[in-house]
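Be aware that the sequence shown starts at 2, since it is given in the numbering used here, and climbs by one per residue. Below is one structure, written out as structure tokens, with a few remarks after it.
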Amino acid sequence: MSIVRENFKKPLFSLLLSASLLGPGAARAGENGPIDWSGVYLGGMIGYGSGNTSAFDGVHSDDIGYSGAIGGLTAGYNKQFGNLVVGVEGDVAAASMSGKGDGGEDWGCGDEDICTFQVDWTATLRARLGYAVGPVLPFVSAGVAMGRVSGELDGACPGDNWCGSDTKAGWTAGGGLEWAFNEKWSAKAEYLFVDLGRAHFGDGNGDGFYADFKFHTARLGVNYHF
């Protein structure tokens, strides 16, 4: 778990630093007049994700960390009421979050660390609530999440009860800061926690193992407002 925290510190620090730099620039952008956040927007984002999988075969358990880059497309809609901004946002992202470990002595993954877990892609659909301060929009968001996950405990994929992949649904919540640097473009820094629940990898008859997929993401994005 300590490895996961260390892996996540650098991108989280970058996210906070980016958010802090929005302040001075935002004040200058606001000199051209108030920003109207209402309307449709499209954009892209990149980031970093990190999590820790708790695997369980009915008798033994082990935790294996995973991490990696994410990147994808975003679409949303805002409606502004005074300073209050409400909206909905969806995104789809490719992911390369993966990790491996020895699985402990009970699973016998060996010296080559062939117990592996991976998140291949994610998608979210979230409600957003923000409070506009000139061109700056602090916000919180929460909603549903989906993702493709995979796991392997003995290096025998494919055709084995101890490996597989699954598409899981869960929930997500987080917040961030968005800055409109002109009437059409905005940049944002955002944190999301994603819980995809428990996946079962096996033959459907009880054989195999279970794994929980929960992870943190730090993301930077740019949006174009229509």
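Backbone N, C-alpha and C define an ideal beta-carbon position, used for all residues, glycine too.
| Asked | Found |
| --- | --- |
| State the CB to CB distance for the pair E191 and G177, rounded to an integer number of angstroms; the pair is presumed to be in contact (CB under 8 Å). | 3 Å |
| Please go through the same chain and pick out, in chain order, the residues whose beta-carbon is closer than 6 Å to the beta-carbon of L193, but skip the five residues on each side of it. | T173, G175 and T218 |
| F214 to E179, Cα distance in whole Å? | 28 Å |
| Excluding the 5 residues preceding and the 5 following A27 in the sequence, name in chain order all residues of the same chain whose CB lies nearer than 7 Å to its CB. | Any reading at A27 needs caution, since the residue's pLDDT is 41, under 50, leaving its predicted position unreliable; the model's value is listed next. So the list reads G135, P136, V137 and W180, once near-sequence residues are dropped. |
| Looking at the strands, I want to know which residues DSSP matches up with I36. | Bridge partners of I36: none, in fact. |
| Could you tell me which of G88, T54 and S68 sits nearest to A143, measuring between CA atoms? | G88 |
| Give me the Cβ distance between D117 and S99, rounded to the nearest whole Å; I'm assuming they're in contact under 8 Å. | Correcting the residue identity first, residue 117 is Thr in this sequence and not Asp. Going by Cβ atoms, the distance from T117 to S99 rounds to 7 Å, so yes, they are a contact pair. |
| Mind checking whether A96 and G69 have CB atoms under 8 Å apart? | yes |
| State the start and end residues of the unbroken beta strand (DSSP E) segment that holds E153. | V137 to E153 |
| From G102 to S55, what distance separates their C-alpha atoms? | 12 Å |
| At 3 residues or longer, what runs of the beta strand (DSSP E) sit wholly inside the stretch 189 to 227? | 210 to 226 |
| In the structure shown, what three-state DSSP assignment does G53 receive? | It is worth fixing the name first, because residue 53 is Asn in this sequence and not Gly. N53 falls in the strand class under three-state DSSP. |
| Do you know offhand how far G72's Cα is from G83's? | 33 Å |
| Which value, in whole angstroms, describes the spacing of the CA atoms of L130 and A94? | 22 Å |
| How is K101 classed by DSSP in three states: helix, strand or coil? | strand |
| Under a Cβ-count criterion, where at least 16 other Cβ atoms within 10 Å of its own Cβ denotes burial, should F227 be classed as buried or exposed? | exposed |
| Relative to the alpha-carbon of R127, which residue among I47, M147 and Q119 has its alpha-carbon at the smallest distance? | M147 |
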